[in-house]
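So for the sequence shown, numbering that gives the first Met the number 0 puts the first residue at 0; every next one is plus one. Data block below; observations after.
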Amino acid sequence: MSKVPVLVTGAAGYIGSHAMLALKDAGWSVAVIDDLSNGVRRAVPDDVPFYEGSVADGALVERIVGEQNIRAIMHFAGSIVVPESVENPLKYYGNNTVATHALLSAAAASGVKHILFSSTAAVYGAPGKVPVAEDDPKEPINPYGASKLMTEWMLRDASAAHRFNYGALRYFNVAGADPQGRSGQQGKGSTHLIKVAVETAVGKRDHVAVFGTDYDTPDGTCVRDYIHVSDLAAAHVAALEKLIDEPDLTMNCGYGRGLSVLEVLDAVDRLTNMPVKRVLEGRRAGDPPMLISANERILKTLDWHPQYQEIDRIVGDALAWERKLAERAS
């Protein structure tokens, strides 16, 4: 395996910034493209070549590939809010599927041989069984999941025609922040539970809305497989290492266990010693009751050993980052 130069799309955003840092820490050469629609420029270190623009700009992508001698792409850029995708599906098909078509076209024309895609457990929809495995039916119940599944299909077909290796990592629920405090979630108007909860804990929000208490789950609230963002970033580096030498990979990224909304909020309460205000509301469009990963494939395939699996660690790192943001703002 050789450490080829990597273009990271969306690296001014949450997950992309952590993957970029993990690549740098492991000695890879990295460049970044981001349109800053939901990221911040300061998330990208000054010593990383940064290009402000869209992955839909094929000419710009081809220029970056040439200038930086790019041989691999990690693709994070896209829209990720499930309820918004239900309200504005064309935005999601545009930002996630159509824009990726332009990126892949430019990559194929430029001879890029390795592409690793940020996919999602939303491709499974509301699975008939949990944990859900990679070969289980893909039946997304919202445009976000559908737009990502369409991109997976496009990668599969384009890789066969243009002879590049591709990987698709299907995330479950990503949370936490870099343990060294270098990056964390700072997107605008986040709907992620742990981000909302720690914002509430530091006074940025008045309450946490709990969407649905009547699901067929142990306490009636949705159950999710939460993965620390730094463990996810490490999985990307390991997947790229594997992809350099071997053909296509499709893997779940999760811990193989679930926590309910109320269990997560209990963890926030434990770490702050002050309960966050909870407001019980009706179900939210596009939310499946339970999503837990079957993660045997990633554990067997990659040299990946999660380091931050405990919910108190995930919430603790998220809380430390939120306090840092609050101090920076003041």
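In this text, a Cβ means the ideal position worked out from N, Cα and C, and glycines have one as well.
Glutamate 280 sits in a strand when the DSSP states are folded into three classes. Of the candidates Arg312, Pro142, Val31, Ile193, Pro142 places its Cα closest to the Cα of proline 82. Between methionine 250 and glutamate 86, the beta carbon gap of about 30 Å keeps them out of contact (Cβ cut-off 8 Å).
Burial is judged here by how many other beta carbons sit within 10 angstroms of a residue's own beta carbon; arginine 41 has fewer than 16 and is exposed. The continuous alpha helix (DSSP H) containing serine 109 extends over residues 98-109. By DSSP's assignment, arginine 169 forms a beta bridge with Ser118, Asn251.
With a minimum length of 4 residues, the unbroken runs of alpha helix (DSSP H) contained wholly in the stretch 180-244 fall at 192-200, 228-244. Excluding five sequence positions before and after glutamate 262, the CB atoms of its chain that fall closer than 8 Å to its own CB belong to Asp218, Ile310, given in chain order. By the Cβ-count criterion, arginine 70 is buried, with 16 or more other Cβ atoms from all chains shown falling within 10 Å of its own Cβ.
Three or more beta-carbon pairs separated by less than 8 Å link the stretch 142-160 to the stretch 99-107, which places the two stretches in contact.
The alpha carbon of proline 130 has as its nearest neighbour, out of Tyr214, Gly257, Met273, the alpha carbon of Gly257. The beta carbon of alanine 325 sits closer than 6 Å to those of Val201, all from its chain and outside the five residues before and after it, given in chain order. If you compare the alpha carbons of Thr300, His17, Asp224 with that of histidine 74, the shortest gap goes to His17. CA-CA distance, threonine 212 to glycine 285, rounds to 15 Å. Distance from the CA atom of aspartate 302 to the CA atom of aspartate 205, rounded to whole angstroms, is 42 Å.
Here methionine 19 is actually not in contact with alanine 25; their C-beta atoms are around 11 Å apart, not less than 8 Å. Here valine 47 has Val29, Val31 as same chain residues with Cβ atoms under 6 Å from its own Cβ, once five neighbours each way along the sequence are excluded. Glutamate 51 has Asp33 as its beta-bridge partners, per DSSP. Contact between valine 209 and leucine 298 does not hold, since the beta-carbon distance rounds to 32 Å and is not under 8 Å. Boundaries of the beta strand (DSSP E) harbouring alanine 71: 71-74, taken from the DSSP string. In the DSSP assignment, histidine 113 is bridged to Ala71, Asn164. Cβ atoms of histidine 191 and glutamine 184 come within 8 Å of each other, at about 7 Å. Excluding residues up to 5 positions away in sequence, Gly52 lie with their Cβ nearer than 6 Å to the Cβ of leucine 59 in the same chain. Beta-bridge analysis with DSSP links serine 292 to Val131. Contact annotation: glycine 175 and histidine 227 have beta-carbon atoms nearer than 8 Å. Spanning the alpha carbons of lysine 323 and phenylalanine 49 requires a straight line of approximately 24 Å.
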